[in-house]
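Written below as structure tokens is the structure these notes are about.
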Amino acid sequence: MSDGDAQGRTDLRMPDDDEVFAEVTEMLGANRVKVRCADGTRRTARIPGRMQKRTWIREGDIVLVSPWDWQDEKADIEHRYEGQAADQLRDEGHIV
């Protein structure tokens, strides 16, 4: 840990071309949530079956979403960031 700037920093999963950062703003039920995306759009996001009962998502969580090609106001959640990783994303300016 000789480099003071890199102390505590980890390499995080960054968005692919079709993914954006988002913050969960509301739980809707039926495996759906409202998210506010980094591109300024509010979307209804679906929690896919592979994440149900394995990854708990709550209001205020930072997630990666993949907007639907055919319906831009909807998206699928691809990844949820844990607390420290979400703080790191905020500190680095990726999300507001």
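Those letters in the sequence shown? Residues 1 to 96, per UniProt numbering, in order.
Beta carbons: idealized from backbone N, C-alpha and C, even for Gly.
Helix, strand or coil, according to DSSP, for residue i in the structure here?
i          : result
residue 90 : helix
residue 29 : strand
residue 45 : strand
residue 85 : helix
residue 15 : coil
residue 62 : strand
residue 77 : strand
residue 54 : coil
residue 38 : coil
Check whether the Cβ atoms of residue i and residue j lie closer than 8 Å to each other.
i          : j          : result
residue 32 : residue 44 : yes
residue 65 : residue 77 : yes
residue 73 : residue 25 : no
Throw me the rounded Cβ distance for the residue i and residue j pair, which I believe falls under 8 Å.
i          : j          : result
residue 12 : residue 88 : 7 Å
Enumerate in chain order the residues of its own chain whose CB-to-CB distance from residue i is below 6 Å, with the five nearest sequence positions on each side excluded.
i          : result
residue 82 : none
residue 18 : 66
Excluding the five sequence neighbours on either side, which residues of its own chain have a C-beta within less than 7 Å of the C-beta of residue i, listed in chain order?
i          : result
residue 80 : 55, 57, 61 and 63
residue 90 : none
residue 39 : 20
If I measure Cβ to Cβ from residue i and keep anything under 8 Å in the same chain, skipping five residues before and after, which residues do I get?
i          : result
residue 36 : 22, 23, 25 and 42
residue 51 : 57, 77 and 80
Let me check you understand the geometry: is the CB of residue i closer than 7 Å to at least one non-hydrogen atom of the ligand SAH?
i          : result
residue 60 : Ligands are entirely absent from the displayed structure, and the ligand SAH is therefore not among its contents.
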